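Residue numbers (full-length UniProt numbering): 1 to 163.
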């Protein structure tokens with residue numbers, strides 16, 4: 001039987017060693033992860049990103065991409081964990097916030113997801129531009145909000161007509 005304190009110490013030593021991985025190695029792993037992601041080899045990209053978040057746990061871009069991969073693989077709980085971690089590290093990253101908001105809505109946490117999407121939309125919306133000229137994150141947030149509103153209107157209308 002192993003001593004839990006020894007196990008915790010061994011884990012801490014492993015984490016410390018991983019975080020001391022030289023930047024050149026981290027950069028190579030990140031490039032490989034991106035390349036696999038671009039080629040649609042999500043499981044391979046995820047394997048690299050799992051290592052990267054252990055080596056550089058404070059680098060939000062690794063958490064965000066790992067979350068995107070989990071989401072694309074329908075692993076929504078894991079995606080939420082990654083997006084929330086990235087949001088803690090970089091609270092103003094609109095790419096991550098849109099992914100977090102969309103995932104919250106997908107898992108049924110609609111009020112929280114809508115609130116987040118509204119904040120992203122309001123922060124990025126430029127009234128001097130046409131809708132199609134807005135930045136990508138504002139467009140995604142706006143489209144998601146519109147989709148949710150239409151769904152709610154349709155639901156309400158169907159229940160009103162059945163009464």
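Positions of the beta carbon are idealized from the N, C-alpha and C atoms, including for glycine. A quick note: this is a predicted structure, and the numbers were derived from the prediction, not measured.
Pick helix, strand or coil for residue i, following the three-state DSSP scheme.
i: residue 51; result: helix
i: residue 128; result: coil
i: residue 39; result: coil
i: residue 21; result: coil
i: residue 3; result: coil
i: residue 98; result: helix
i: residue 107; result: coil
i: residue 56; result: coil
Need the endpoints of the alpha helix (DSSP H) that residue i sits in, please.
i: residue 118; result: 110 to 124
i: residue 144; result: 136 to 161
Determine the burial state of residue i: buried for a count of at least 16 other Cβ atoms within 10 Å of its Cβ, exposed for fewer.
i: residue 20; result: exposed
i: residue 168; result: The structure shown does not extend to residue 168, since the chain is modelled only from 1 to 163, so the question has no answer here.
i: residue 158; result: exposed
i: residue 94; result: buried
i: residue 152; result: exposed
i: residue 17; result: exposed
i: residue 108; result: exposed
i: residue 24; result: exposed
i: residue 83; result: buried
What's the gap between the Cα of residue i and the Cα of residue j?
i: residue 141; j: residue 127; result: 15 Å
i: residue 72; j: residue 22; result: 30 Å
i: residue 149; j: residue 100; result: 18 Å
i: residue 74; j: residue 45; result: 15 Å
i: residue 87; j: residue 63; result: 9 Å
i: residue 91; j: residue 67; result: 15 Å
i: residue 76; j: residue 39; result: 22 Å
Say yes only if the C-beta of residue i is nearer than 7 Å to one or more non-hydrogen atoms of the ligand MG, and no if none qualify.
i: residue 86; result: Absent from the structure shown: the ligand MG. Ligands present: none.
Secondary structure, alpha helix (DSSP H): runs of 4+ residues fully inside the UniProt repeat "TPR" (60 to 93):
60 to 72 and 76 to 89
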